[in-house]
Amino acid sequence: MLSSSVRSGRRRSCSVLAAVPRRRITPKVEAKKRTFSSFDDLLENCDKPVLVDFYATWCGPCQFMVPVLEQVSEKMKDKIQVVKIDTEKYTQIADRYQIAALPTFIIFKDGKPCERFEGAFPADQLIQRIENALKVAQ
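To get the working numbering, take the position in the sequence shown, counting from 1, and add 29.
#1: Compute the Euclidean distance between the alpha carbons of Lys104 and Glu117, then round it to the nearest angstrom.
#2: Might you give, ordered along the chain, the residues of its own chain that have their beta carbon closer than 7 Å to the beta carbon of Leu72, omitting 5 neighbours on each side?
#3: Smallest Cα separation from Gln154: which of Tyr119, Ile109, Pro142 and Val101?
#4: For Tyr119, which residues from the same chain have a beta carbon less than 8 Å from its beta carbon, with the 5 sequence-adjacent residues on both sides left out?
#5: Just mark Ala162 as buried or exposed, buried being the case when its beta carbon has 16 or more other beta carbons within 10 Å.
#6: Based on the DSSP output, what are the partners of Tyr84 in its beta bridges?
#7: Report, in whole angstroms, the separation of the C-beta atoms of Pro151 and Phe83, which I expect to be a contact under 8 Å.
#8: How should Gln121 be labelled, buried or exposed, when 16 other C-beta atoms within 10 angstroms of its C-beta is the threshold for buried?
#9: In three-state terms, what does DSSP make of Cys91?
#10: Which two residues bound the contiguous alpha helix (DSSP H) that contains Ile122?
#11: State the Cα-Cα distance for the pair Glu99 and Tyr126, rounded to the nearest angstrom.
#12: Please classify Ile156: does DSSP put it in a helix, a strand, or coil?
#13: In this structure, what does DSSP give as the bridge partners for Glu99?
#14: Taking C-alpha atoms, which residue in Ile109, Ala130 and Lys106 lies nearest to Gly89?
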């Protein structure tokens, strides 16, 4: 049922929104931007293992993983480099690694894939999987 103000054509002003304080969004982890001539160049020249997150902007579980990957990147910054690859923009890379589900994570060590897993995980589970993969790869 419509309120009387809507039926009469009058608009009510809403001052509630003006009273809500604005939140400042600041990044938890500052991304280190580096330029590479290719994905292969990145894998070959990285001084530590690389966790690649294959994602798409429309993928809900991929969006869930954004803050999780920030936590993982911060906690494991000395052990692993986190890289995100948009499968819609870089279809050739996604095809090369046969990405069929999103998100898909591949850990590369010495330029070669050493572990692969799919799906969304809480930060502690993702860290555990990464640590286990790095132990096996050594």
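Just so you know, even glycine gets a beta-carbon here, dropped at the ideal spot from N, CA and C.
This is what the structure holds:
#1: 29 Å
#2: Val79, Phe137 and Gly140
#3: Val101
#4: Phe68
#5: buried
#6: Asp115
#7: Contact doesn't hold; Cβ gap of about 19 Å is too wide.
#8: exposed
#9: helix
#10: Thr120 to Arg125
#11: 24 Å
#12: helix
#13: Note: Glu99 sits in no beta bridge, so no partner.
#14: Ala130
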